Amino acid sequence: SQQGEEDPQALSIQEGENATMNCSYKTSINNLQWYRQNSGRGLVHLILIRSNEREKHSGRLRVTLDTSKKSSSLLITASRAADTASYFCATPRGGSGGSNYKLTFGKGTLLTVNP
Amino acid sequence: GAGVSQSPSNKVTEKGKDVELRCDPISGHTALYWYRQSLGQGLEFLIYFQGNSAPDKSGLPSDRFSAERTGGSVSTLTIQRTQQEDSAVYLCASSLGIGSGHKNTEAFFGQGTRLTVV
Chain E
27 SQQGEEDPQA LSIQEGENAT MNCSYKTSIN NLQWYRQNSG RGLVHLILIR
77 SNEREKHSGR LRVTLDTSKK SSSLLITASR AADTASYFCA TPRGGSGGSN
127 YKLTFGKGTL LTVNP
Chain P
7 GAGVSQSPSN KVTEKGKDVE LRCDPISGHT ALYWYRQSLG QGLEFLIYFQ
57 GNSAPDKSGL PSDRFSAERT GGSVSTLTIQ RTQQEDSAVY LCASSLGIGS
107 GHKNTEAFFG QGTRLTVV
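The listed protein sequences correspond, in order, to chains E and P.
Note that my numbering numbers the first sequence so that position 86 is 112, with each residue one more than the last.
Note that my numbering numbers the second sequence so that position 80 is 86, with each residue one more than the last.
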């Protein structure tokens, strides 16, 4: 079953507006990661938030994590046409001896930023 | 190399033929993952390697799919007797993978192999 589920599935906004994407997950996590995918090819890591963190910033990106609700949000401020892409959340699960593996992805949010 | 390299970038094959997809991970990364992504869908986990061993093969869809990794580096994903439903983008990723550090789980992806079975 899917560990992470992004919401909404698709989002269309105008340049300059903010975009918010949400992710819900089912099991306990050590960290949650957000990735970006352009044109259906390789994913690029954007940001990692640890389970003991509530908010993290990186440039125009802001990620929040609420472990009580098992949810995270990714906010992109002052969006640009170049931000058009699919955005995925991912959580590492499993592993023995404290290591984490099996990075499990949601289905993604397709963000379209119109010029 | 500097990043994860996959080859070929595109592959068109006839139904029933075997195909091999190759992945060169980042040097020093012990963990290697294969994912499959159908059009407009999320990433479907196939298999995970730690070094040369595969502790989790649970995502391989059928016994037509197999993967190996040699020398703790290059991995090949083999699909035998391809079917049309195998058409997808096959993505490889690697991560440091050692220990429990958070950064060790950050995955670096190749550009994928787009497989089309006709």
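For each residue, glycine too, the CB sits at the ideal point set by N, CA and C.
Quick caveat, the model's predicted, so the values are computed rather than measured.
Start and end residues, beta strand (DSSP E) containing residue i
i, result
"V10 of chain P", "No beta strand (DSSP E) holds V10 of chain P; DSSP gives it neither H nor E."
"L136 of chain E", "135-140"
"R75 of chain P", "71-75"
"I102 of chain E", "97-102"
"Q47 of chain P", "Looking at the DSSP string, Q47 of chain P is not in any beta strand (DSSP E), and its letter there is neither H nor E."
"Q86 of chain P", "It is not in any beta strand (DSSP E) - Q86 of chain P carries neither H nor E in the DSSP assignment."
Contacting residues, own chain, Cβ-Cβ under 6 Å from residue i (five flanking each side not counted)
i, result
"S112 of chain E", "Q63, G134, L136"
"G123 of chain E", "Only weak support is given to the placement of G123 of chain E: the predicted model assigns it a pLDDT of 42, under 50, and the value that follows is read from those uncertain coordinates. Closer than 6 Å at the Cβ level, and outside the excluded window around G123 of chain E, lies no residue."
"Q40 of chain E", "N140"
"S13 of chain P", "R28"
"S38 of chain E", "T138"
Spatial neighbours of residue i in its chain, beta-carbon cut-off 7 Å, leaving aside the 5 residues before and after
i, result
"H35 of chain P", "S100, S101, L102, G103"
"L129 of chain E", "A116, P118"
"V123 of chain P", "T19, K21, T88, Q89, Q90, D92, S93"
"K63 of chain P", "I53"
"S11 of chain P", "D30, G116"
Cβ separation of residue i and residue j, assumed to be a contact under 8 Å, to the nearest whole Å
i, j, result
"E50 of chain P", "Q56 of chain P", "The pair is not a contact, with the Cβ atoms about 20 Å apart (cut-off 8 Å)."
Given 8 Å, three or more beta-carbon pairs between the region 84-102 of chain E and the region 35-49 of chain E: yes
Would you check if the region 11-31 of chain P and the region 58-65 of chain E touch, i.e. whether three or more CB-CB distances between them fall below 8 Å? no
Can at least three beta-carbon pairs, one atom from the region 79-86 of chain E and one from the region 112-119 of chain P, be found at a separation below 8 Å? no
Selection of the region 64-92 of chain E by Cβ proximity to chain P, strictly under 8 Å: G66, R67, G68, L69, V70, H71, L74, R76
What residues from the region 108-119 of chain E come within 8 Å of chain P, judged by C-beta to C-beta, listed N to C? F114, A116, P118
Cβ-based contacts, 9 Å cut-off: residues of the region 111-122 of chain P near chain E: T111, E112, A113, F114, F115, G116, Q117, G118, R120
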